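Engineer:
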C-alpha cells in the first residue's frame, strides 16, 4: 500500500506537469479573469500545499524553497496567513515558469524523503496525503478549464491539442428512470477517501421522482434557443434573466455563430457544434431555464445520488461527461464538521450561495470523482464543463 | 364571511394609508437604495395589484385611474408588461402623493363595487383577494423598514414615532428544546390561505437536534464583537468575511458608537442599546458567524417548523419579534407548482441565492405570518428586522 | 445705492423662491444625478451662503436657524468644515420644504437687520453682498436645469410651465466676422462686480480669426446626425467617441425620436424639434465634432471675448441664448489670485479638466452675465443649455 | 544622409529589442493596468507601424507576416480598422515572444529592401520614416515605465538592472530666472523633424514671470508631506483632493515606508530615498499642490519654452531628468492641422483633458526630445517620470 501511495503521488504530480507540455511560458503566466488562475500559479500552489501541510511541519531539516512563496501561493487559508490577492495572480511575472518547475522538483524531492522516512504510516498523515492528491487532481481540471478560458479570448483561436473537453454522445432517445423515494441514505460512509463535505452518511426523505437516462444534448438545447429561450423571461429565474441581460448571453459559453452556423471553442480550437453531444458550459440559470422549457426540473443532489446508487449502469454518462447542476444549494450535511486545523478551511467556509454539481466531466482525472462527490460553483458559472440531467415529479395532489 | 372579507379589505387598506400619517410628502417620495422603495411607490403598487389583477379583468366598466400606472407601478410581473426600473423609483416626483392617495381611493371605490357585485363568491377570486390582502401586508412591513433605512441616513436622526420596531426581551437564560427528528411533515396543508411557496405539505427527514428557546440578545452579540468577532475570519463564511471587509461592517446595521457607548437607530430615533433585547438587523453572514462563535449553528427551516409545531408555546418569541435566519436556501418544495397566470410570478422565480427566514417581526402585521410562512432575502440583507435563534446537533458519530 | 442693493437683494431672493411656485414638495426634494441638486437644497444652500459668510460673522446677536444646517448645506467649502456628501443630497427628506422656506425667511430677516445696521457701507462687505447675489443667480439657473433633468426622466413627461428654456432663432444665413488679432486685452478690469476668475485684465496675443455671427441650429446639427456623425470616429476627439459609445449618445440630450420625428423635452414638456432654433444640450465633444464636420473649430475664450468686445451688436445671440463651448480649458489668468478666506474656494480650486463657456443662456438671470464672464463645466456635460458658435482661422502657412 | 537614416533605423530598432534582454517571456507578456502595455505588445506594435504605414502600401511584393496582426497590434488608428481592446492586451499569450521577435525581423528585412529601393528619397516618405523612428522612441520610454509599473506590483521586488530611471541631483540652492515676457515666438518652425502638435510656430504673449533653475527635490517634497500636505485640502485642486482620497495617495508613486524610512521602487529594485534627487512620479495634482504649498505655481508650457530658448544652459536639468508638468492643457496651436491620412490620428484626437509636460526624462532616448516637444498625460498620471519645476509671477497690481 505504501508503494501504491508513492506511485500514485508520482503519477499525479507528473500529470499536473504534463498538462503544460504543449504550452509556452506566456500561456502559463496569464490570468483571464478573477475566477481563473494562471497555469504557473496552479503548479506552484499544488506544491505549496505539500510544503505547507506536510513538509514544513513534518520533515526534519526541510528548508522552504523560497519563504515568500508561503504568501504568494496561499489560495485562501487564513490560518496559514495572508494571501496574495486572487484577482491579480496574473500580474506576477516572477517567479518565472522555470523557477516554479524547480519549486515542484524541490517539493517532490522533499516528499520522497518524507515517504522514505515512513511518516505516511501514521493514519492522519496518510489521510493528509490522500487529501493532497485529490486536491492536486481538482487543480488539474481547473488547469484545463482556466486555460480554455484564456485561449478562448484570443482572436487567433489557439489550439491546445486534442479535444479532451469534448463529451461523448449518450443514447439517442430520452428515457426516464423512476424511483419510489422514501427514507434513503446518502453521503459518504467514511470507508476510503472522501472530502469532508461528503459526509456524514445520513438519511434523506425523497418524494417519488424520475430522472433522465442521459444528459441534455446540444441539439435539444438549440431548440430552446430557436424557440426564443433567451428572450422569454417566463422560463427563467428572475436573477438568471437579469444575468443574461447584463452579460448579453445568447447561448452557452464558447458558442459562436459563424456564417449562420453554430461553432463552439474547445481545447482543439474552434469547430462546428455537434448536435448529439451533451451540452456543456451552462450556468445554473440556463440549466434551470431549459428544464422549465422542457417541462421538467433539475434533480436535487439527493435524488441524483440515490438514482446513481440504484442504477448507475443504466446512466451511461453519469460521470466523465459533464458536471450536472442540481437544484441543491451547497450546505453542510447534518452532523458535518470541518476537519481540524488549517485544512478545515478546505470546504466548509464556502457553503453559501453556491450550487452542487454531481457526476464529473471529461476533464476530471480518472478515478477522482465518486457517487457522493459534491462539486460546487456559483449559479452564474459557465467556464466549467457544466451540463444538465433532467428530473421530474412528484406529481402534485 | 363575505362581510368579513370586505371588512378585512377595508382594515388592511386603511392601515397602509395610516402608516404614512406622520410623514411629509418628501418622506414619502425618496428612495434610499435600490432594494428599498419610496412610501409613495408602495401605496401605488399595492393599489396597482388590485387594479391589475382584479378590477381591470373583472369589474365591468372599470376605468383605469391612469393608463401609465400599469407600467410605472408594476414591480416585476413580466406577464403584465415592462416595468419602470426599480433602482430609480425614487426619481418620480410625479404622480405626487396626493395623486397616489386619489389613486388608492379610486381603486377602493372600484373594489367595493366589485364586492357589491359578489364576484368574490367565486373560489378562485376569493383566493385572489386573500393573496392581494397578504401582498399588501407584506408591503406594510416593507413600508416601515424602507422608511427606517431612509431616515437612518439623515444626520438629523429623525423620529417616526414610537419604537414599533423594538423587539421585546425574551426569557433571560438560554434554554434548549430537543427533538428526535425522523420523518416529519412540513409545509402548508392547503386549509386556509398560504402563499404558494409554503406548499405542498410533504415529508422531510430530520436528524436529532436542539433549538434555543429564545433569540440571541444584543448583549450576547456584543460579547462576540468584543471578542474581535468582526476581525476573525475563522468564524465566518468566506463570502461573509469578504462582504464585511468590503462594506466595512463592524456591528449590526443601525448600530453606532457615541462617546464609547453603543446606540441603535430605530423608528423612535437614536437610543442607547438595550442588552436584553433580541439582536436584529443581522445579515445571514453575521448570524452564521455568531452561531459558530457560540458553538452552535442556524436551524434549517424544517427544524424550525417542526419545533414550532411541537412546542410553540414554549418558544415565546417565535413570531412578532424578529425574522430568524435559517440555513436553508429558498427552494421549491417537492411538487411545488407556481400559480397559473401572472400571479405565478409572485414567488417561484426568486428561488435562487436567497435564504429562508422564519417567524415574523415586530413590524409584521398581526395575523399575517404562520408556522409555515417562508420569508426570504439574500444573505447580505440587513435592513429587515432579522435576528437569530440558535440550533445544535446532531452529534457526529 | 444702498437702497438699490437692498432692493436687488429682495428681488433676487424672491426670484429663487418664485421658481418653485409651480412645483410640489416632491418635485423639490428629488435629486436625479450626482451633478444635480434638489430644488430644496438650492433654496437652503443659497440661504446658507448668507448665514455663513455674512450673518454669523457679522450680525451681532444672530442665531443660526439650525446648527446642523452648517454641515447639511455646505456645498464645498472646506474652510467652513465638512460637507454632507453631494451625491446623496436627494436622500434628505428632512428638513422638509416648509422648513427650508422658513429658513429662507429667517435669513432674510437677519439680512434686513444687517442692512439696517449699515454694515454694507464697508467696501469689502458690499463686495461680499454682490458675490452672494451673483451666487444666488447662478443657482437660479441651476434650479431650472436640474429640474429639467429630473422631469425628463419621468415617463409622464411633466410640464413645468412655459418654454423658458427655448432659445430664439438667430439670423438665418451663416455669416462670419473677421478679426486681425495681435495683442489684445481680455479679462475684467475691476470696475463693478466680477467673479475673481474673470481677472486680472491682461494681454493675449491672437492670430487672425473669424467667428460666426450666430449659433449652430438644430437643423444644421441634424445634418450632422443624418451624415452618420455619431458613427464616424474621424470627427471626434478620441475621448469624445469613447464617451458617446459608453453613454449610447445618438443625439443631443433631451432629443428623442417619436414615430420617426425628432422631439425635444423642455420645461414646457415634449414638443417637436424646431430646425431654426439654436441647438442646445451638447457636450463639448459633440460641439467639437460638429465643428470639425463643418470645416470649422471652436473659438478660444479669448477670441470669443475679443470679438464680443468689438462687435457685440452684430452677434445677436451673444448672450441670453445658449452657453457657448470654447476650446479653452478653465485656467487662471496671469496674476490670478483667489479671494482671501473661505470665499477663495469659490472658483480657483476647480481650474482643471473643465472647459470655458461664454455668453449666457435663456435661463441665465437677466443682467447676470458679462462679456468677461467665464462659465465652466466638464467636457461631457449636457444638462446645461450648452450650444456652439463656430470659429475659423488662421490659415496655415 | 540616406546611410544615416538607415543606420538610425537599425540603431533605434535594436534598442527596442535590447531593452528586453534582461527579461523573461513572462515579464514581456503581462499587462499591469489598462494604461500600460506588455513589452511584447510594444515590440509588435512598433513593427506594425512600419508594416502598416510603409511596407504594405509601399513595398512591392511585401507579404504581411500575419494578417491578424493588423487588428491585434493596431493601437488607436480608426482609419486602419478595428483594434483589439487596449485593457486586455495582456490576455494574449499568443503570439508568443519568439513569434513577435520573428515579426520584428520580418519587418526589418522588409524595411531594408524598401531602403535599398530608395523609396525614402521621396520627401513625404522620408518624413514618414522619421515619424516612425520617433514613434518607436516614444514606445521605448513606455517600455521601461510600463515594466517598472509591472515589477512594482510584485512582492518579490524584482530588479531590472541599473537605476536607469534615477534622475541626477541638480544644483542645491533654489535660484530663479526672471523674464520680461511680451510677444514671444513658440512652437516648432518646421526645420527638421517635429511632431505635428509642436507647430506651427506662432506668437504668444507672456506676462513677466520667473522660473526655477532646477526641479523640486525629494527632500523638498518630503517637507510638504511632513507638513500634512496630503491631509490639507487648501493646497489642492478640488479634483486632486478627491483623487488623493479615492486612491489613498500619501506620497508619490513607488514610495513606501519601511521601518519608518522612505524607500522608492525603481528599475534597480527598492532603495532608500535620496533627498537631493528630483522628485518624480507625481500627478499633476500633486505637482500643483506642492507649488501652492511653496508659494509658487506651475509654469505654462509657453513660459517653459520661452525660458528654455533664452537660458537653456542655466537650466541644467531642463531635459533628461524628469518630465515637467505645466499648467497648460493640451490644445492645438493656432493654425494646427493634423497630418493627412491615418497618421493624422497620431496626436490631434487626444487634445482634451490632458496636460502638457515639457523637457524629457532619464528614460527618454537621447536626442528624442526638443525645446518645442509636447508630452501629454491626464492629470492623475503617476507612472511616468513626472516631476516639477516651479514658476512665479506676475505680481498682481
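Chains as they are written, first to last, in this note's numbering: chain A, 261 to 657; chain B, 261 to 657; chain C, 261 to 657; chain D, 261 to 657.
Every residue gets a Cβ at the ideal spot worked out from N, C-alpha and C, and that includes glycine.
Note that the coordinates shown come from a computational prediction; the quantities given were computed from them, not determined experimentally.
Kindly indicate if chain C contains any beta-carbon less than 8 Å away from that of residue 616/D.
Structural biologist: Position 356 of the fourth chain, counted from the start, is the residue given in the question as residue 616/D. With 8 Å as the cut-off, residue 616/D does not count as an interface residue toward chain C.
Engineer: Below 8 Å on the Cβ atoms is my contact criterion, and I expect residue 602/A with residue 339/A to pass it. Report the Cβ-Cβ distance as a whole number of Å.
Structural biologist: Here residue 602/A refers to the residue found at position 342 when the first chain is read from its first residue. Here residue 339/A refers to the residue found at position 79 when the first chain is read from its first residue. Rounded, the Cβ-Cβ distance is 4 Å, consistent with contact.
Engineer: Determine whether the Cβ of residue 609/D lies closer than 8 Å to any Cβ atom of chain C.
Structural biologist: Against the fourth chain, residue 609/D aligns to sequence position 349. Answer yes: the Cβ-Cβ gap between residue 609/D and chain C drops below 8 Å somewhere.
Engineer: Should residue 281/B go down as buried or exposed, given a rule of 16 or more other Cβ atoms within 10 Å for buried?
Structural biologist: Taking the second chain and counting its residues from 1, one reaches residue 281/B at position 21. Its Cβ having fewer than 16 others within 10 Å, residue 281/B is exposed.
Engineer: Run the CB neighbour count on residue 372/D, radius 10 Å, all protein chains shown included, and call it buried at 16 or more, exposed below.
Structural biologist: Against the fourth chain, residue 372/D aligns to sequence position 112. Per the 10 Å Cβ criterion, exposed.
Engineer: When the Cα atoms are used, what is the spatial distance from residue 572/B to residue 463/A?
Structural biologist: In the second chain, counting from the first residue as 1, residue 572/B sits at position 312. In the first chain, counting from the first residue as 1, residue 463/A sits at position 203. Each residue's alpha carbon lies about 26 Å from the other.
Engineer: Measure the Cβ-Cβ separation of residue 350/C and residue 315/B and say whether it is below 8 Å.
Structural biologist: On the third chain, residue 350/C is found 90 positions in, with the first residue counted as 1. On the second chain, residue 315/B is found 55 positions in, with the first residue counted as 1. Their beta carbons are not under 8 Å apart, which means residue 350/C does not touch residue 315/B by this criterion.
Engineer: Quick one: what does DSSP say residue 473/C is sitting in, helix, strand or coil?
Structural biologist: Translated into the one-based positions of the third chain, residue 473/C becomes position 213. Coil.
Engineer: Consider the Cβ of residue 513/A: report whether some Cβ of chain D lies at a distance smaller than 8 Å.
Structural biologist: Position 253 of the first chain holds residue 513/A. It does not; no Cβ of chain D falls within 8 Å.
Engineer: If we call anything under 8 Å between Cβ atoms a contact, is residue 546/B one with residue 478/B?
Structural biologist: Start at 1 with the first residue of the second chain, and residue 546/B comes out as number 286. Start at 1 with the first residue of the second chain, and residue 478/B comes out as number 218. Against a cut-off of 8 Å, the Cβ pair of residue 478/B and residue 546/B comes out as no contact.
Engineer: Please identify, using Cβ separations under 7 Å, the residues of the stretch 460-486 of chain C that lie next to chain D, in order along the chain.
Structural biologist: From the stretch 460-486 of chain C, only 460, 462, 463, 464, 465, 467 have a Cβ closer than 7 Å to chain D.
Engineer: Under 7 Å Cβ to Cβ from residue 657/D, same chain only, skipping five residues before and after it: list those, please.
Structural biologist: In the fourth chain, counting from the first residue as 1, residue 657/D sits at position 397. Low per-residue confidence applies at residue 657/D: pLDDT is 49, beneath 50, and the placement is therefore not dependable, though the value from the model is reported in the following sentence. Once the five neighbours on either side are set aside, residue 657/D has no close Cβ partner at all.
Engineer: Can you list the alpha helix (DSSP H) stretches of 4 or more residues lying completely in the stretch 459-514 of chain B, in chain order?
Structural biologist: Within the stretch 459-514 of chain B, the complete alpha helix (DSSP H) runs of at least 4 residues are 478-486, 498-507.
Engineer: Starting from residue 363/C, follow the alpha helix (DSSP H) in both directions and report where the run begins and ends.
Structural biologist: Against the third chain, residue 363/C aligns to sequence position 103. Taken as a continuous stretch (DSSP letters only), the alpha helix (DSSP H) holding residue 363/C covers 357-376.
Engineer: Taking the alpha-carbon of residue 589/A as reference, which of 353/A, 616/A, 513/A, 647/A has the nearest alpha-carbon?
Structural biologist: Position 329 of the first chain, counting from 1, holds the residue named residue 589/A. The option with the nearest alpha carbon to residue 589/A is 616/A.
Engineer: Reducing DSSP to helix, strand and coil, say where residue 385/D ends up.
Structural biologist: Position 125 of the fourth chain holds residue 385/D. Residue state, collapsed to three classes: helix.
Engineer: So is residue 345/B in contact with chain C if we call contact Cβ pairs under 8 Å?
Structural biologist: Position 85 of the second chain, counted from the start, is the residue given in the question as residue 345/B. So no, residue 345/B is outside the interface.
Engineer: For residue 560/B, verify whether its CB is less than 7 Å away from any heavy atom of the ligand SAM.
Structural biologist: Here there are no bound small molecules, and the ligand SAM is not part of this structure.
Engineer: With DSSP collapsed to three states, give me the class of residue 644/A.
Structural biologist: Here the question's residue 644/A lines up with position 384 in the first chain. DSSP places residue 644/A in coil when its eight states are reduced to three.
Engineer: Determine, using beta carbons only, whether residue 578/D and residue 529/D come nearer to each other than 8 Å.
Structural biologist: By one-based count along the fourth chain, residue 578/D stands at place 318. By one-based count along the fourth chain, residue 529/D stands at place 269. No; because the gap between Cβ atoms is not below 8 Å, this pair is not in contact.
Engineer: Return helix, strand or coil for residue 298/B, following the three-state DSSP convention.
Structural biologist: By 1-based counting over the second chain, the position of residue 298/B is 38. Residue 298/B: coil per DSSP, three-state reduction.
Engineer: Along the chain, where does the alpha helix (DSSP H) that runs through residue 570/A open and close?
Structural biologist: The residue labelled residue 570/A in the question sits at position 310 within the first chain. Residue 570/A -> alpha helix (DSSP H) spans 561-570.
Engineer: Which class does residue 636/B belong to by DSSP, given the choice of helix, strand or coil?
Structural biologist: Taking the second chain and counting its residues from 1, one reaches residue 636/B at position 376. DSSP places residue 636/B in strand when its eight states are reduced to three.
Engineer: Could you name the residues of the same chain whose beta carbon sits closer than 6 Å to that of residue 552/B, not counting the 5 residues immediately before and after it, in chain order?
Structural biologist: Here residue 552/B corresponds to residue number 292 of the second chain, with the count starting at 1. Excluding sequence neighbours, residue 552/B sits near 495.
Engineer: Closest to residue 644/A by CA distance: which of 505/A, 583/A, 592/A is it?
Structural biologist: Here the question's residue 644/A lines up with position 384 in the first chain. Residue 583/A is the option with its Cα nearest to residue 644/A.
Engineer: Within 10 angstroms of the Cβ of residue 569/D, are there 16 or more other Cβ atoms? Answer buried if so, exposed if not.
Structural biologist: Position 309 of the fourth chain holds residue 569/D. By the 10 Å Cβ count, residue 569/D comes out exposed.
Engineer: Shorter than 8 Å from the beta carbon of residue 655/C to some beta carbon of chain D?
Structural biologist: As a position in the third chain, residue 655/C is number 395, starting the count at 1. Judged by the 8 Å Cβ criterion, residue 655/C is in contact with chain D.
Engineer: Who pairs with residue 445/D in a beta bridge, going by DSSP?
Structural biologist: The residue labelled residue 445/D in the question sits at position 185 within the fourth chain. Paired residue(s): 463/D.
Engineer: Considering just the uninterrupted stretch of the beta strand (DSSP E) at residue 677/C, what are its terminal residues?
Structural biologist: Summary: the structure shown does not reach residue 677/C, with chain C confined to residues 261 through 657, and so no result is reported for it.
Engineer: Report the residue from 541/C, 540/C, 544/C, 515/C whose alpha carbon sits nearest the alpha carbon of residue 532/C.
Structural biologist: Reading the third chain from its first residue, position 272 is the one you call residue 532/C. Minimum Cα distance to residue 532/C is reached at 515/C.
Engineer: Can you confirm whether residue 285/A, when its beta carbon is compared against all beta carbons of chain D, has any partner nearer than 8 Å?
Structural biologist: The count along the first chain starts at 1 and reaches residue 285/A at position 25. Yes, contact with chain D.
Engineer: Between residue 647/D and residue 366/C, what straight-line distance do the alpha-carbon atoms span, to the nearest angstrom?
Structural biologist: The residue given as residue 647/D occupies position 387 in the fourth chain. The residue given as residue 366/C occupies position 106 in the third chain. Going by the C-alpha atoms only, they are around 51 Å apart.
Engineer: Relative to the C-alpha of residue 487/A, which candidate in 608/A, 511/A, 324/A has its C-alpha closest?
Structural biologist: In the first chain, the residue the question calls residue 487/A occupies position 227. Answer by Cα proximity: 511/A.
Engineer: Is the beta carbon of residue 442/A closer than 8 Å to that of residue 466/A?
Structural biologist: Walking along the first chain from the start, residue 466/A turns up at place 206. Walking along the first chain from the start, residue 442/A turns up at place 182. Yes, Cβ-Cβ distance for residue 466/A and residue 442/A is below 8 Å.
Engineer: Check for me: the alpha helix (DSSP H) holding residue 651/B runs from which residue to which?
Structural biologist: Translated into the one-based positions of the second chain, residue 651/B becomes position 391. Here residue 651/B belongs to no alpha helix (DSSP H); instead the beta strand (DSSP E) covers 650-652.
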